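Counting in my numbering, the sequence shown runs from 4 upward without gaps.
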Amino acid sequence: MEVTILKEMDEPLLQRKKILAEASEFTATPSRAELKDAIAKKAKADAALLFVGKIKQDYGNRKAEIECFAYKDAKMAELLTKDGLKKRKAAKKAKAAPAAQ
Numbered sequence: 004m005e006v007t008i009l010k011e012m013d014e015p016l017l018q019r020k021k022i023l024a025e026a027s028e029f030t031a032t033p034s035r036a037e038l039k040d041a042i043a044k045k046a047k048a049d050a051a052l053l054f055v056g057k058i059k060q061d062y063g064n065r066k067a068e069i070e071c072f073a074y075k076d077a078k079m080a081e082l083l084t085k086d087g088l089k090k091r092k093a094a095k096k097a098k099a100a101p102a103a104q
């Protein structure tokens, strides 16, 4: 999978950076975790404070457009992140915790 950063927009009032990226050369739609790690490396952002908002892929096309947000601190990330993203992240942590024991 190859990730390209298309646009970075600084949002100083919300203390975050909006990142629009494109992923290509993959067989199945990549998971949010894979995209998060790849975009964090490309954008030089902290992966713990990066949230993937949308993944848009056209049928039959091996390219996906990704919208994500890189926050400057954890407090603002907690305040502004949508509840759905928080629930998904918490569910994955809960699912991974019993497997680790």
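Ideal Cβ placement from N, Cα and C applies to all residues, glycine included. This structure is a prediction, so every number in the text was calculated from the model and none was measured.
Asked	Found
So which of Ala31, Phe29, Ser34, Lys39 has the shortest CA-CA distance to Ile8?	Lys39
What residue range does the beta strand (DSSP E) around Glu11 cover?	5-14
With DSSP collapsed to three states, give me the class of Ala67.	strand
Going by Cα to Cα distance, which pick from Lys47, Arg65, Leu17, Ala80 is closest to Phe54?	Ala80
Pull the bridge partners of Lys59 from the DSSP assignment, please.	Glu68
Along the beta strand (DSSP E) that carries Leu23, what are the first and last residues, could you check?	19-27
Going by C-alpha to C-alpha distance, which of Phe29, Pro15, Gln18, Ala46 sits closest to Arg65?	Phe29
Who are the Cβ neighbours of Gln60 in its own chain at under 8 Å, not counting the five residues just before and after it?	Thr32, Lys66, Ala67, Glu68
Count the other C-beta atoms from every protein chain shown that fall within 10 angstroms of the C-beta of Ala48, then say buried if there are 16 or more, exposed otherwise.	buried
State the Cα-Cα distance for the pair Leu82 and Lys98, rounded to the nearest angstrom.	24 Å
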